[in-house]
Structures are given as structure tokens and as C-alpha cells.
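Student:
2 protein chains.
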Amino acid sequence: MNKVQVIESVLKANDAVARANRHRLHQQGILSLNIMSAPGSGKTSLLEQTISHLPHDCRSAVLVGDLQTSRDAERLSRLISQVTQINTGSGCHLSAAMVADGLDSLDLTQVDILFIENVGNMVCPAAHDLGEDARVVLLSLPEGDDKVAKYPTLFQPADVILLNKMDLLEILGFDCGSVRADLSKINTRAPLIPISCRSGVGLDEWLRWLTNRINTSSVE
Amino acid sequence: MNKVQVIESVLKANDAVARANRHRLHQQGILSLNIMSAPGSGKTSLLEQTISHLPHDCRSAVLVGDLQTSRDAERLSRLISQVTQINTGSGCHLSAAMVADGLDSLDLTQVDILFIENVGNMVCPAAHDLGEDARVVLLSLPEGDDKVAKYPTLFQPADVILLNKMDLLEILGFDCGSVRADLSKINTRAPLIPISCRSGVGLDEWLRWLTNRINTSSVE
């Protein structure tokens, strides 16, 4: 096999495991979200805020991807018990097989919503289906207002896009209009929700989107 | 060949092209730097500041990697004529072969220093030698002070590390001591230079490092 054939074969194998993950999660009635962004956009902070504000009868679990360290899992373990860190070594993204192993480590009968925090990377995670129901993409203001145009493979398939660190808007001179204009060319389906995990602005709108999604999936 | 064999074979082929690039650049007396970081850390802003402040007899050229768009190349073209944008499509890093093609597009007889701005990604670029003399790694404060521990494959082989967006230090509560402590475990060789491309702080120290490197390489 040449390089292209191997990549195609790896992606095909990944898709098969992703389908099995999706089936397994649906059988348990679990909504799953794949959360992707550049390093430091605020994925873990978003999860801290989200888990703290979800209704008590909505039980969360988290799979956290990182090359090394268990720092994010430790942060989230302060809030909920079902957290598993997946270390990828030098791997640049989570794969469906890693998520399948992660699912084995959780008690899925006690989960309503599964958050999968991907490795911080705007390129490779986007090419790998993990079996999720929806893709949540974060873009933080300090990264610059040109990122939607530069990383279309991440933003095009997103189901919701969170524009984080809005508390820095005035200091940074970020152009939200430019982001909306770039998005209008590749993804008119996903809502763009400006938030700040620090000030709390916009989190109510994000939680409304999430609750609506939970209710829709439990009706299906 | 299985997946691991293909990856090893691809990296081996990349290394051979990287060696050829290095030889070609040295024959022309050109110092080359591979600049890597997460998306939005300020690589293009650093190049704008650096090119503007280099002595006039030090002629720069830039190869700029991005998935799509030529926005960074357009920004840099306002300062110098020898700028080539390399679009990787969905590729997550520059390869030595892409750099070899990029070199063909430049008049190397008119270049003293070549900056290679890699794709914004903290994982994959680190695994690929491009033929550079030195690796410059940027970390910007908004990304968080845990990134050295989380992405050791990027920071371990760095020759100089620039801590950018220092103008946001007070607002963000970033712990520089924590970064230094994590670095002391994996890389005690590279200087850590705090800078701000916005306020200009620290750029003199970076330019001193760069000028010293240029002088050292021309003596060799």
C-alpha cells in the first residue's frame, strides 16, 4: 500500500469504530459532543462552567485527550467522578478506537451526556469521526479573526461554534463581523455564540443550545 | 507495509529531503529558522516586527505554510518581496518536500536569512525536519501556562522559545514561573524570551539572539 492508500484505510477503519461507538452511546440514550479547538482556547474551562450549570438530573461524563499530563482530567475530577484522561503520546488527535477504550472505563448506565475534549489542534481532529452526535468548535479571540478562513476543515462541519474570551474584545480589537463573513461562506448551519468562561457572558445561550439538544435527542 | 512502517518510511524520506534543503541553504550561506506554534500565537506578527527591525544589509525571505488562504503572505509582502505562500490543503504541517518546492520559487542568491512559518499546530510540525538551522517556538499567554508540559514534543527540541503577548500578563494572570519550571525538566538549552509584538517589549532581546545566530552561522 502507498501512503494515500494507508491513510484511506486508516480513516475507513476509524469510521467503522466510530459507528460502533455511536450505536453503543445511542443504545444507552447518551448524547455525545466532540469538542475541538486550538490549544488554549478554553475547552476545559468551558466544560468546568457547563458541568457546573447543567441541571442536577443531567449526569455528565468526560473523556479528555492530551499528548501528556492529566492536568485537564484533574481539573474536571473536582466536579464529577466520571472523567477519563486519554494520553495520545505524540498523537495529534483522538481516534474512535481511543474513545472506545475510554467508554470501557466509564459506567455508561449513569451517563446522560458525554463530553469528549479532543487534543488541542485545529487540523487533525477534524478528519476523525469519534462517534459523536455533534461537533462543538471553540475559537478564542486572542487567536485572531482570520482563523475560520484559515482552518475551514474544522469550522465547516461544526454544529455549534463558540467564540470564547469575549472579555478581551475591547483590548484585542477582534473583528466579529469578519468571522461571521468567513463563516457565511462555509457553514450557515451552526449558530455562532459569543461567550466568556471568565465573565460568564453568553453561557446561558450555550446552555440553552445544549439543553435543547439533549431534549431533542431524548425524544428521537 | 503496515501503518507504522508507512509512517517511518515517510519520515525517513522527509529527512533525506530535509538534509538536501539544509545543504542547499548552507551552500548559499543562508541561515534558516523554522517557526512553530499554535494557531494565533503571533508568528506572522513576529515576522513583521523582525523583518522591519533587521539591519538593511540582512536580506530576508519567508516561506509561509497554511491550509488555505494567502493572508499571511499578503501581510508579509508589504515588507519584503521574497515571500511564498505554501498551501497544504488539509495538511497539518509543512514537509521538507514542500519547503524544497518553496525554495525553487525564491532567488536564494539574494537571501541571508530564511524564515519558514509553519502551519499553526503544536503537534505535527515538531515531527518533521525541514532542513532548518534552528527551531523557534512561540507560546502566547492566552494559551495558558500549562502548554509546555502538555506539548513536550514541540518544546523539547526548540532552540529559542518566545513567550508572546506579554502585554496581556496582568489581565490573564499567567504564571511564567510555572512555564520555566516545566521547561527546566525538558529543555535547559533554549533561552526563554518574553516578548510582545504589540508593545515591542522584549523584541530587542530576540533581535540580539537572532543577530548573534546570524553572525555565528556566517563565521562557521
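Chains G and L supply the protein sequences, listed in that same order.
The first sequence begins at 1081 in this note's numbering and counts up one residue at a time.
The second sequence begins at 1081 in this note's numbering and counts up one residue at a time.
All C-beta atoms in this analysis are idealised placements derived from N, C-alpha and C, irrespective of residue type, glycine included.
This structure is a prediction, so every number in the text was calculated from the model and none was measured.
So, is the C-beta of SER1112 of chain L closer than 9 angstroms to a C-beta in chain G?
Tutor: For the purposes of this step, residue 1112 of chain L is taken as the residue at position 32 of the second sequence. Taking Cβ atoms only, chain G never reaches closer than 9 angstroms to SER1112 of chain L, which makes this a no.
Student: When you compare only the Cα positions, how much space is there between SER1125 of chain L and SER1157 of chain L?
Tutor: Position 45 of the second sequence, counting from 1, holds the residue named residue 1125 of chain L. Position 77 of the second sequence, counting from 1, holds the residue named residue 1157 of chain L. Rounded to the nearest angstrom, the two C-alpha atoms are 13 angstroms apart.
Student: Against chain G, with Cβ distances strictly below 9 angstroms, would MET1178 of chain L count as a contact?
Tutor: Taking the second sequence and counting its residues from 1, one reaches residue 1178 of chain L at position 98. MET1178 of chain L does not count as touching chain G.
Student: For ILE1273 of chain L, collect the residues of the same chain with a Cβ closer than 6 angstroms to its Cβ; drop the 5 residues on either side in sequence, then sort them by chain order.
Tutor: Residue numbering aside, residue 1273 of chain L sits at position 193 when the second sequence is read from its first letter. Closer than 6 angstroms at Cβ, skipping near neighbours: LEU1242, GLY1282, GLU1285, TRP1286.
Student: Under 9 angstroms between the Cβ atoms of ASP1255 of chain L and ARG1151 of chain G?
Tutor: Looking up residue 1255 of chain L in the second sequence gives position 175. Looking up residue 1151 of chain G in the first sequence gives position 71. Going by C-beta atoms, ASP1255 of chain L is not nearer than 9 angstroms to ARG1151 of chain G.
Student: Going by DSSP, name the residue or residues bridged to GLY1145 of chain L.
Tutor: Working through the second sequence from its first residue, we reach residue 1145 of chain L at position 65. For GLY1145 of chain L, which the question treats as bridged, DSSP gives the partners L:ILE1166.
Student: Beta-carbon within less than 8 angstroms of THR1168 of chain G's beta-carbon, same chain only, minus the 5 sequence neighbours each way: which residues are those?
Tutor: Here residue 1168 of chain G is taken as the residue at index 88 of the first sequence, counted from 1. The answer, listed in chain order, is GLY1145, ASP1146, LEU1147, LEU1174, MET1178, VAL1199.
Student: The beta strand (DSSP E) that contains GLU1197 of chain G, what's its start and end?
Tutor: Walking along the first sequence from the start, residue 1197 of chain G turns up at place 117. From DSSP, the beta strand (DSSP E) with GLU1197 of chain G extends over 1193-1197.
Student: MET1202 of chain L versus chain G: which residues are under 8 angstroms apart at the beta carbon?
Tutor: By 1-based counting over the second sequence, the position of residue 1202 of chain L is 122. In chain order: PRO1119, GLY1200, ASN1201.
Student: Roughly how many angstroms separate the alpha carbons of THR1077 of chain L and ILE1275 of chain L, rounded to a whole number?
Tutor: Outside the shown range of chain L (1081 to 1300) lies residue 1077 of chain L, about which nothing can therefore be said.
Student: Can you look up PRO1135 of chain L in the DSSP assignment and give me helix, strand or coil?
Tutor: If you number the second sequence from 1, residue 1135 of chain L lands on position 55. In this structure, PRO1135 of chain L counts as coil in the three-state DSSP scheme.
Student: Can you confirm whether the stretch 1084-1103 of chain G touches the stretch 1187-1203 of chain G when touching is taken to mean that 3 or more C-beta pairs between the two stretches lie within less than 8 angstroms?
Tutor: Verdict: no, contact absent.
Student: For PRO1232 of chain L, decide whether its Cβ has a neighbour in chain G, counting only Cβ atoms nearer than 9 angstroms.
Tutor: To locate residue 1232 of chain L, count along the second sequence from 1; it is residue 152. Yes, PRO1232 of chain L counts as interfacial toward chain G.
Student: Verify whether the separation of the beta carbon atoms of ASP1239 of chain G and ALA1098 of chain G is less than 9 angstroms.
Tutor: Here residue 1239 of chain G is taken as the residue at index 159 of the first sequence, counted from 1. Here residue 1098 of chain G is taken as the residue at index 18 of the first sequence, counted from 1. Not a contact, by the Cβ cut-off of 9 angstroms.
Student: Residues in the stretch 1211-1238 of chain G with C-beta within 7 angstroms of chain L's C-beta atoms, listed in sequence order?
Tutor: Listed in sequence order: SER1220, PRO1222, GLU1223, GLY1224, ASP1226, LYS1227, ALA1229, LYS1230, TYR1231, PRO1232, THR1233.
Student: Taking buried to mean at least 16 other C-beta atoms within 10 Å of its own C-beta, is THR1189 of chain G buried or exposed?
Tutor: Counted from its first residue, the first sequence places residue 1189 of chain G at position 109. Exposed is the call here.
Student: On the criterion of 16 or more Cβ atoms from any shown chain inside 10 Å, does ILE1251 of chain G qualify as buried, or is it exposed?
Tutor: The residue you call residue 1251 of chain G lines up with position 171 of the first sequence. The residue is exposed, with fewer than 16 neighbouring Cβ atoms inside 10 Å.
Student: At 8 angstroms on the CB atoms, spell out the chain L contacts of ARG1151 of chain G, in chain order.
Tutor: Locating residue 1151 of chain G in the first sequence gives position 71, where the first residue counts as 1. By Cβ distance, chain L contributes ASP1226, ALA1229, LYS1230.
Student: Which class does VAL1259 of chain L belong to by DSSP, given the choice of helix, strand or coil?
Tutor: The sequence position of residue 1259 of chain L within the second sequence is 179, counting from 1. Three-state result, VAL1259 of chain L: helix.
Student: Give, in chain order, every residue of the stretch 1271-1283 of chain G whose Cβ lies closer than 9 angstroms to some Cβ of chain L.
Tutor: Hits within the stretch: zero.
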